[in-house]
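Note that the protein sequences, when read in sequence, are chains A and B. So for the first sequence, numbering that gives the first Met the number 0 puts the first residue at 0; every next one is plus one. So for the second sequence, numbering that gives the first Met the number 0 puts the first residue at 0; every next one is plus one. Idealized CB from N, CA, C, for every residue including glycine.
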Amino acid sequence: MKKLSIALLFLATACTKQLDKEPQGSVFTGSLQTPENTDAMVIAAYSALGNDHWSTPYTTMWAYGSVRGGDAYKGGAGTGDQPDVDAYEQFSSNRVDIGESDGTWYRLYIGVARCNTALQLIEAMDPSAYPQQTQRLAEVRFLRAHFYFILKVLFNHIPWIDETIPKPEYDTISNRSFSSDELWSKIADDFRFAADNLPVTQTQAGRVTKGAAQAYLAKTLLYQAYTQDDNNNVTGTNQTLLAQVNTLCDSVINSGQYSLFADFADNFLSQFDNGPESVFAIQFSKADQTPEGRVDAGAGLDYPMDAEYGCCGFHQPSYDLVNAFQTGSDGLPLLDTYNGSNVAGAGDFKTSTFDPRLDHTVAIPGHPYKYQHNLIFQSAYCRDPATYNGFMSLKEVVAYNDPTFVKYPPFMSSSKNWQVIRYADVLLMKAEALIEMGQQDLALPLINQVRTRAAASTALLTQPDGSATSNYGMTTYQPGVNCTWTQDYARKALRFERRLEFAMEGYHFFDLVRWGVAADVINTYFATEKGRTPHLGSAHFTKNRDEYLPIPQNQINYSKGLYKQNPGW
Amino acid sequence: MLGCLILLLPNIHAQSRPVTGTVTDEDGKPLAGATVQVNGTKTTVTTDDQGRFSIEAVKGQTLKISFVGDQPMEILVGNKTVYSVQLKAQAGNMNEVVITGYTAEKKKDLTGAVSVVKMSEIQNIPDGNPVKALQGRVPGMTVTSDGSLNGAVTVRMRGQTTLNISSDPLYIIDGIPTQRGLQEINQDDVESIQVLKDASAATIYGSRAAAGVVIVTTKSGKNGVKHIDFDASTSLQLYTTKIHVLNTEQHAKAYWQAVVNDDRFGPNVSNPYDPSVTNGIFTYDWNHDYTNPVLNKINIPEYIDAAHTMKASNTNWFNEVSHPSILQQYNLSLSNGTANGTSFLSVSYRDDQGIIKKTRSQKVTVRANLDYNFFNGRLKVGEDLTGSYFKDAQLPIGDIVSLSIIENPVIPVHTVDGGWGGPVAGMDDRHNPVRLIYDNDQNNNNFARVLSSTYAQLELLPGLRFKTAFDVDYAGDYYRSLLKPYQSGFLSSTITQVGTSFDYQGSLTWQNLLTYDVRFHQHSLNLLAGQEYIDNHNQNFNGSAQGLALADINYAYLSEGTSNILVNGGGEADALLSYFGKANYSYQDKYLLSATLRRDGSSKFGSNNRYAYFPAASLGWRISQEKFMLGTAKVLSDLKLRASWGQTGNQSIPAYATYSLYQSIYATDLTWGQSAGSAYDINGAGTGTLPSGFTSTQTGNPDLKWETTTQTNVGIDFGLFNNALTGAADAYVKKTTNILLNPPYLGVLGEGGNEWINGASLENKGIELSLSYTKSLSRDLTLTVSGNIAHNALKITYLPNDAIIGYPGNGTTYTIIGHSPNTYFGWVAQGIFKTEDEVNNSATQPGKGLGRIRYADLNNDGVVDNNDQEYIGKADPDFTYGLNTTIRFKDFDFAFFFQGVKGGLVSNGFKYLTDFTSQAPGSNWGSRVLSAWTPENPGSNIPALTMTNNNNEGRSSTYYLESGSYLKLRNVELGYNLKNALSRYKFYKARIYVQAANLLRFKSKSFTGPDPEIPGSAYPIPLIATLGVNLTF
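Next comes the structure, spelled out in structure tokens:
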């Protein structure tokens, strides 16, 4: 017995150590504190830029910016296919508990959290061991500001969390800790730090630059400059901020790093990734040892239904948008009357004249799809033409034979970059600031620079027989010849130009909210568009509510009521 | 008188003659060691290993045959000299031996809540998993599963014991603890199953025992018995729970109705659209009168696609994916026993073709249970070994079953040239389910498990035994799959991909037990001390590669891939170290006392909270043994009161929950979900190996500790009328505290915000009753009826603030505290708006209109919104019950078993498709849509058809909650004992039977789906009709 007891005792002590089981295949927070791992965490923050998905498309922003802005219909198979986006499109059926809003909120905060983790690591490094410290800080603060920018334009009142706040205190940070204006300033601070500390060029094309930071800071200040009251009404413009926008844009323009592509099309062709017009672009890749490639999955529903592609027919240009590309005999857009006759519905692109950007932006039945002479687009390539008409979107997609094209059934996309800010935007932001400062004459050449390039971008727009795809005809604004360039007229021209230049790029809705005209423009759009398509029967934009998505009910619940809902919801 | 008797004796003796016979058990197996006694004499013999006896008796005398655990039987010696006697198991037998935690006790000595499963009742049920057959057999134990082959089975003992982690019971298979369930155990090998429900019984198993313990003992050879068993059965399986879906014509009509409704009182009233224009396939000949629309004719085109490859069809997808199928089972076992040792060997084969085409599952098990005795039995060395191998078809079953509901009937299975039919423009991007079946036909998972217990038991002193056992449990999967390219409507893929994965889960257990049994005077004491170490570890790796030259499974190996070559792998390990002791004491077999203490250590907790103590104590009083009860002994044959209290633990969280961890996640599949990777093309090269970072995967909680369940149980066991009627009743309160939770978290935390915490408390309260009655109505006719009923009420009694929102409710005015976690939260549907007046005079409700569901404005603020939700019902049933009846008449036996659930609401997931055209407008729908409300059909309560779900009718509401009550005839079996008919052959047992499972199904009228037992889309539970034979040589 004694021997046995001793044996058991021995066994017991021997086994105690057996309860120490080290985690397998993981690292602890402490192990990340090396220069290599800190740099790797910066990469992880960059990675969040492109960890996009069709269910939460925060890269192309098609659901939030194009569909809500009246540029596009949701598309797909009827209103019940991706019903959350249908609710965005109709506004009247949007709700506080829509899963996509909650998902997008969470995904964007994943980006913020990765940035904050990286910032903590970078700040804790000894500069002698980590000479890139300041530049990495600048890069990551840029990225954080980018995620916050999107959150801001989507949800307006958001909790601001930076690397100084310990995680256990996150649940004490309200979405009203800062005012809307203070939030803009916070975002601007990050971009300003980035602009002050980033190099003009980077050897690694994916890293953000001084120019990108200056441009994004200008964009932020431009939004901030239109002051809003608590009910989302625009109450005026902050001239100081507008002046800063102008200066920042000048810095970008004068840096010599950027220029417009000769052809508008190059912005949307994969072989021109990271070209001279690209100020800030999200890098995608394929054949990169990931299951499907790190592709632009936010655009994964946006391909047509023909044999070369096969799914899923979302993001379809509206009649209203297509009509907007019509030009008058003076070569200018029909600023007030563009939507009077539905040339898009008539399908006649040969009688009137059109801005060439139409065929770079919209896939039109009978016109080559993405410049492919052997793929003439048909309305049958749309998923549900009976509900959503027969157009598709072109900018985010690639030709089926493009080397960046990837199928991951049933979806598909490409590793073509997505430009968040391109040089044309810098020009038009400067023009907008100048107009709002009453210096519209200085804005004129900027707008015309964009128009001149557009007018010249017809080389690829041909039918198989070599003829022009549509009847193109556009010119610049020529005061005294085809217009009278007042501040009001310039403002109207600038706003129209932004819509045409950035159509389907996810900008338009946010532009409308910034200018304070969303309710009027969207409800006017609905009034006309309702008669052209069966799916907008109950669509309505509620002023002082629909300018922003509601704070997701889940987040209000998780915060136990600390987060306050947006007005009107 | 005495003299006369003495004088007569020789005379009697002179007339005595040898009476011989065979004694068999209930199943017809020979009983060795049964006692045969001439009543009133000392003449006693015992049966030999083939159940034979020979005894001197005279005509008119009575032979009393008895065997431990069986009802004694008396036969009158008549003219015959050969008798065959079949003993029946004694109902509620108090001497039955029950395994209760490392040791065995007699049932009469039990003080805990223990249920013993009658294996004879479930022997031939072809479920392929002994646990499935227990559904409804054990009060307080619920078993739920769908019909899938080797599918998951959920077992809940006395309700749900915890929240986020496993509430599965602990299984002890021949002493080896496992939580894998019993699907890998050959049902024919099982000797007994015992279910420990209360803490006093389960505490000895401490960790992991909080949700109850199921103890399975497999067969072993018996001393002096040698026989061969052969069982074979063949079953036909049928799909009986299909949903009524629309055919092509009906589908086209429903679409027309929906569009016309939208045009005349729906969202398009100002701009009506002709359904002929909006439907991509059908055109309609109708009167275009919106006040009285009449559909004359539906024009179905010859082809549904522009390329004319797919003819418009009328496909019944259910019929295309399912078939009546065959299930075969064979089992052969041999057993032998001598004083020096016993052996039991078996091999079984099961082949289930599945009622969904190509879902075949094949299963082979082998078993060898051996033991050897040395030193006059003082040393016993043995080995229980089983191996199993499964080959299971790997089809996307959930997809196939749901696709057979939603795939459009107009789509043909095949194109005109033999390719696959598929969706065309305007339809959902759903796969052709038949293609999914055939394109995955080559993919099988190979699973193998070895479960082995090697033990030695030494009697050190009389009554003092030491046992050591080393158990090995290894299970592994090898799966090689081929993804083929396809073209199916607008869905297509050019990818040819091979995937190969391997994983194993290993568990090593070392147990050391010291037991001491002693009796002195009227005191009986059993002591147990033990120690147990369990080491669990698992690893997995998988790879995939694309670009195979051939889409052939024989070619599909990783080496043949040329592009997108990916590898992944991981591993995990944990360990448990435990010490335990138990003392059972009884005085005069009347007063019973038991105490247990277990100390468990788990590697999953930090060193500060690694160990916890789990105590238990119980008392029993056999009132029937008291002198004052002698007067009632004729009626009340047995009566015992029991009371117990004890604690058990739970630690089934991931192995490393105490640590904050980052992982190098390069990328994840982004087809259906967000990429969670951390790689980025920072060089802008567009391709190549990317730099990558780390991703936060969890927030660690170093203070995690054991979850504890405290259970109090009082019970009564009774036997009436010489134990013809026996029963047990138990009442319990089970409280779980420090529940391990992984609550959802605030979005700003980002990824890795998930953190395990100890928080919630749960309470289960319940009562259980089981009764069994056996009556011999005549010599040839015996009736046994046994039934059980159980009620359990569950509620959350405490939740930390951080976790409240993870449960139904809004987190502020409605919190789940005080409610069952299985409570539904949502809106109250108050029928549908049938007149304009009703629409106009109701609260503001976005999307309301004629034919739409009206939701209650619960807070009377004039607006129906998020604040108008409340708790609208719960899923927990009021009670569960089972009733088994066995009738034996001569050589026939007949048994039927009903099982049911009463109360509780299920969310009928099919209703989204059977009652709406708007929730999945590109799908097919259920036939109920044809009777939806229209102004012309004002009596209907199904919402008007619409193509646009503006009223958000998919929201959680009472519209979807339906009665979950059901009663099923789970099993009915008729057997015939051929032994007499085949008496010239040397069978010890020969029985043929026919059996049917799930033959009848009763459900509440308010449940509009096919089967409330599986209210969502799942592998249907088939009707199984079986013909089988049990032979023993």
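- Message: Taking contact to mean 3 or more Cβ pairs, one atom from each stretch, closer than 8 Å, check whether the region 716-736 of chain B and the region 85-93 of chain A are in contact.
- Response: Touching, no, given that fewer than three Cβ pairs across the two stretches are closer than 8 Å.
- Could you give the distance in angstroms between the alpha-carbon of HIS430 of chain B and the alpha-carbon of GLY421 of chain B? For the purposes of this step, residue 430 of chain B is identified with residue 431 of the second sequence, where counting begins at 1. For the purposes of this step, residue 421 of chain B is identified with residue 422 of the second sequence, where counting begins at 1. Taking the straight line joining both Cα atoms gives about 7 Å.
- Roughly how many angstroms lie between the CA atoms of ASP716 of chain B and THR202 of chain B, to the nearest whole one? Here the question's residue 716 of chain B lines up with position 717 in the second sequence. Here the question's residue 202 of chain B lines up with position 203 in the second sequence. Taking the straight line joining both Cα atoms gives about 21 Å.
- Query: Distance, Cα to Cα, VAL365 of chain B vs ILE871 of chain B?
  - Reply: Within the second sequence, residue 365 of chain B is the residue found at index 366, counting from 1. Within the second sequence, residue 871 of chain B is the residue found at index 872, counting from 1. Per the coordinates, the alpha-carbon of VAL365 of chain B lies some 50 Å from the alpha-carbon of ILE871 of chain B.
- Message: Taking the alpha carbon of ILE157 of chain A as the reference point, which residue from A:SER173, A:PRO165, A:GLU21 has its own alpha carbon closest?
- Response: Numbered from its first residue, the first sequence carries residue 157 of chain A at position 158. Of the candidates A:SER173, A:PRO165, A:GLU21, the one whose C-alpha sits nearest the C-alpha of ILE157 of chain A is A:SER173.
- Three-way DSSP call (helix, strand, coil) for LYS166 of chain A in this model: Stepping through the first sequence from its first residue, residue 166 of chain A is reached at position 167. Note: LYS166 of chain A maps to helix in three-state DSSP.
- Message: What residue range does the beta strand (DSSP E) around MET411 of chain A cover?
- Response: Locating residue 411 of chain A in the first sequence gives position 412, where the first residue counts as 1. That run of the beta strand (DSSP E) goes 410-413.
- Interface partners of LYS166 of chain A on chain B, CB under 9 Å: Position 167 of the first sequence, counted from the first residue, corresponds to residue 166 of chain A. Going along chain B in sequence order, the residues near LYS166 of chain A (Cβ under 9 Å) are THR698, LEU748, GLY752.
- Item | Residues near GLU183 of chain B in its chain [Cβ-Cβ closer than 6 Å; skip 5 each side] | Looking up residue 183 of chain B in the second sequence gives position 184. Excluding the 5 residues flanking it on each side, GLU183 of chain B has same chain C-beta neighbours closer than 6 Å at SER387, ARG448, in chain order.
- Within the 8 Å Cβ cut-off, does PHE693 of chain B reach chain A? Within the second sequence, residue 693 of chain B is the residue found at index 694, counting from 1. By this cut-off, PHE693 of chain B is an interface position.
- Item | Within chain B, partners of MET40 of chain A - CB distance below 8 Å | Residue mapping note: residue 40 of chain A aligns to position 41 of the first sequence, counting from 1. Contacts between MET40 of chain A and chain B, judged by CB atoms closer than 8 Å, involve GLY692, PHE693 in chain order.
- Item | Same chain, Cβ closer than 6 Å to SER451 of chain B, neighbours up to 5 away in sequence not counted | Numbered from 1 along the second sequence, position 452 holds the residue referred to as residue 451 of chain B. Cβ-Cβ distances below 6 Å link SER451 of chain B to LEU384, VAL471 in the same chain, with the five nearest sequence neighbours on each side left out; the list follows chain order.
- Query: Apart from the five residues just before and just after ALA894 of chain B, which ones in its own chain have a Cβ nearer than 6 Å to its Cβ?
  - Reply: If you number the second sequence from 1, residue 894 of chain B lands on position 895. Scanning its chain for C-beta atoms nearer than 6 Å, with the 5 sequence neighbours on each side dropped, one finds around ALA894 of chain B the residues THR885, GLU972, in chain order.
- Item | Between the CA atoms of LEU333 of chain B and LEU344 of chain B - distance to the nearest angstrom | Here residue 344 of chain B corresponds to residue number 345 of the second sequence, with the count starting at 1. Here residue 333 of chain B corresponds to residue number 334 of the second sequence, with the count starting at 1. Put simply, the backbone Cα of LEU344 of chain B is about 5 Å away from that of LEU333 of chain B.
- Given a limit of 8 Å on CB to CB distance, which residues of the region 280-294 of chain A reach chain B? Within the region 280-294 of chain A, GLN282, PHE283, SER284, LYS285, ALA286, ASP287, GLN288, THR289, PRO290, GLU291, ARG293, VAL294 place their CB atoms closer than 8 Å to a CB of chain B, listed in sequence order.
- Item | Burial state of SER606 of chain B, where buried means 16 or more other Cβ atoms lie within 10 Å | Against the second sequence, residue 606 of chain B aligns to sequence position 607. Counting Cβ neighbours within 10 Å, SER606 of chain B comes out exposed, since fewer than 16 surround it.
- Buried/exposed call for ASP335 of chain A, threshold 16 Cβ in 10 Å: If you number the first sequence from 1, residue 335 of chain A lands on position 336. By the neighbour-count definition (other C-beta atoms within 10 Å, threshold 16), ASP335 of chain A is an exposed residue.
- Query: Which residues of chain C have a Cβ atom closer than 8 Å to the Cβ of GLU571 of chain B, listed in chain order?
  - Reply: The structure shown has no chain C; the protein chains it does contain are A and B.
- Closest Cβ-Cβ distance between THR913 of chain B and chain A: below 8 Å? Along the second sequence, one-based indexing puts residue 913 of chain B at 914. Not one chain A Cβ lies under 8 Å of THR913 of chain B.
- Item | DSSP state of ASN1029 of chain B mapped onto helix, strand, coil | One-based indexing of the second sequence puts residue 1029 of chain B at position 1030. DSSP places ASN1029 of chain B in strand when its eight states are reduced to three.
- Query: So what does DSSP say about ASP472 of chain B, is it helix, strand or coil?
  - Reply: Taking the second sequence and counting its residues from 1, one reaches residue 472 of chain B at position 473. In the three-state DSSP reduction, ASP472 of chain B falls in the strand class (E or B).
- Query: ARG140 of chain A to LEU459 of chain A, Cα distance in whole Å?
  - Reply: Here the question's residue 140 of chain A lines up with position 141 in the first sequence. Here the question's residue 459 of chain A lines up with position 460 in the first sequence. CA-CA distance, ARG140 of chain A to LEU459 of chain A, rounds to 39 Å.
- Query: Is the number of C-beta pairs between the region 367-381 of chain A and the region 238-256 of chain A that are closer than 8 Å three or more?
  - Reply: Touching, no.
- Message: Tell me the rounded alpha-carbon separation between GLY465 of chain A and ARG293 of chain A.
- Response: On the first sequence, residue 465 of chain A is found 466 positions in, with the first residue counted as 1. On the first sequence, residue 293 of chain A is found 294 positions in, with the first residue counted as 1. Approximately 36 Å between the Cα atoms of the pair.
- Cβ-based neighbour list, ARG887 of chain B, same chain, cut-off 6 Å, excluding 5 preceding and 5 following: Working through the second sequence from its first residue, we reach residue 887 of chain B at position 888. By the criterion of a C-beta distance shorter than 6 Å, ARG887 of chain B is surrounded in its chain by THR781, once the five residues flanking it on both sides are discounted.
- Assuming LEU300 of chain A and ALA502 of chain A make a contact with CB atoms under 8 Å, what is their CB distance in whole Å? In the first sequence, counting from the first residue as 1, residue 300 of chain A sits at position 301. In the first sequence, counting from the first residue as 1, residue 502 of chain A sits at position 503. At roughly 18 Å, the Cβ-Cβ gap does not stay under 8 Å, so LEU300 of chain A and ALA502 of chain A are not in contact.
- Examine chain A for any beta-carbon lying closer than 8 Å to the beta-carbon of ASP438 of chain B, and answer yes or no. The residue given as residue 438 of chain B occupies position 439 in the second sequence. So no, ASP438 of chain B is outside the interface.
- Query: Between the C-alpha atoms of TRP509 of chain B and ALA103 of chain B, what's the straight-line distance to the nearest angstrom?
  - Reply: Residue mapping note: residue 509 of chain B aligns to position 510 of the second sequence, counting from 1. Residue mapping note: residue 103 of chain B aligns to position 104 of the second sequence, counting from 1. A direct Cα-to-Cα measurement between TRP509 of chain B and ALA103 of chain B gives close to 20 Å.
- Every unbroken beta strand (DSSP E) within the region 716-797 of chain B, with a cutoff of 3 residues, ordered by chain: Scanning the region 716-797 of chain B from its first residue to its last, the whole beta strand (DSSP E) runs of 3-plus residues come out as 724-736, 760-775, 780-797.
- Query: When you compare only the Cα positions, how much space is there between LEU998 of chain B and LYS87 of chain B?
  - Reply: In the second sequence, residue 998 of chain B corresponds to position 999, counting from 1. In the second sequence, residue 87 of chain B corresponds to position 88, counting from 1. Taking the straight line from one Cα to the other gives about 28 Å.
- Task: Pick out whichever of A:GLY437, A:THR457, A:VAL425, A:PRO463 has its Cα sitting closest to the Cα of ILE446 of chain A.
- Result: Mapped onto the first sequence, residue 446 of chain A falls at position 447. For ILE446 of chain A, the nearest C-alpha among the options comes from A:VAL425.
- Message: Please report whether the beta-carbon of TYR547 of chain A lies at a distance below 8 Å from any beta-carbon of chain B.
- Response: Along the first sequence, one-based indexing puts residue 547 of chain A at 548. Taking Cβ atoms only, chain B never reaches closer than 8 Å to TYR547 of chain A, which makes this a no.
- Do ASN115 of chain A and ASN809 of chain B have their C-beta atoms within less than 8 Å of each other? Working through the first sequence from its first residue, we reach residue 115 of chain A at position 116. Working through the second sequence from its first residue, we reach residue 809 of chain B at position 810. Not a contact, by the Cβ cut-off of 8 Å.
- Alpha carbon of LYS28 of chain B to alpha carbon of PRO484 of chain B, nearest angstrom: For this step, residue 28 of chain B is matched to residue 29 along the second sequence. For this step, residue 484 of chain B is matched to residue 485 along the second sequence. As the crow flies, the alpha-carbon of LYS28 of chain B is around 57 Å from that of PRO484 of chain B.
- Message: Could you check whether the Cβ of ALA458 of chain A sits closer than 8 Å to any Cβ belonging to chain B?
- Response: Here residue 458 of chain A refers to the residue found at position 459 of the first sequence. Not closer than 8 Å to any Cβ of chain B, the Cβ of ALA458 of chain A fails to qualify, so no.
- Under the three-state reduction of DSSP, which class applies to MET628 of chain B: helix, strand or coil? Translated into positions along the second sequence, residue 628 of chain B becomes position 629. Residue state, collapsed to three classes: helix.
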